[in-house]
Amino acid sequence: IFTFNQEPFKASVPAQILVYKTPPVPIYIYLTGAFSAGLIVGLWIAVYNFITQKAKLTRTSKKLHSIEHEYSQVTAELENCRTDLTSLRTELAALKEEKFRAQAESKELKGTDDVQG
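Going by the numbering used here, the sequence shown wraps up at 98, each residue one higher than the last.
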């Protein structure tokens, strides 16, 4: 900033924009204006990116929450299926045991019928 106080930066020069020629303005004003314009543009870009990324993060968080909810439902359903499968296996084992006993009794009855006959 103190560099702008030196004599070369205090010199006034006109700027020509297409066909328009400005009145003479000190060089440090051009430099300060360019720096300020760059700062403002950079801040606007940073704010824009912050807002868009925040919105994207919100959408992604909602999607993640939805997926987590679906995952918990599927996990609960899987656990219910495992419980049902376990009870069906127990029931099947009981039925097989009952069938085995019935066959054993049937053979036993045939054996006594053969002995009596």
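Think of the CB as a built atom: it goes at the ideal place given N, C-alpha and C, for glycine as much as any other residue.
Can you give the Cα-Cα distance for V28 and K2, rounded to whole angstroms? Reading the sequence shown from its first residue, position 47 is the one you call residue 28. Reading the sequence shown from its first residue, position 21 is the one you call residue 2. If you take the alpha carbons of V28 and K2, they lie about 35 Å apart.
Could you tell me the distance, in whole angstroms, from the CA atom of S42 to the CA atom of N61? In the sequence shown, counting from the first residue as 1, residue 42 sits at position 61. In the sequence shown, counting from the first residue as 1, residue 61 sits at position 80. Our two residues, S42 and N61, have alpha carbons roughly 28 Å apart in a direct line.
Which residues in the same chain as P101 place their Cβ atom closer than 7 Å to its Cβ, once the five residues preceding and following it in sequence are excluded? Residue 101 falls outside the range modelled here, since the chain spans only -18 to 98, and no answer is possible.
So does E72 have its beta carbon nearer than 7 Å to some heavy atom of the ligand ATP? Because no ligand of any kind appears in the structure shown, any question about the ligand ATP cannot be addressed here.
Range of the contiguous alpha helix (DSSP H) that encloses P5: Position 24 of the sequence shown holds residue 5. Neither: P5 is in no alpha helix (DSSP H) and is coded neither H nor E.
DSSP beta-bridge partners for S(-7)? As a working mapping, residue -7 is identified with position 12 in the sequence shown. For S(-7), which the question treats as bridged, DSSP gives the partners P7.
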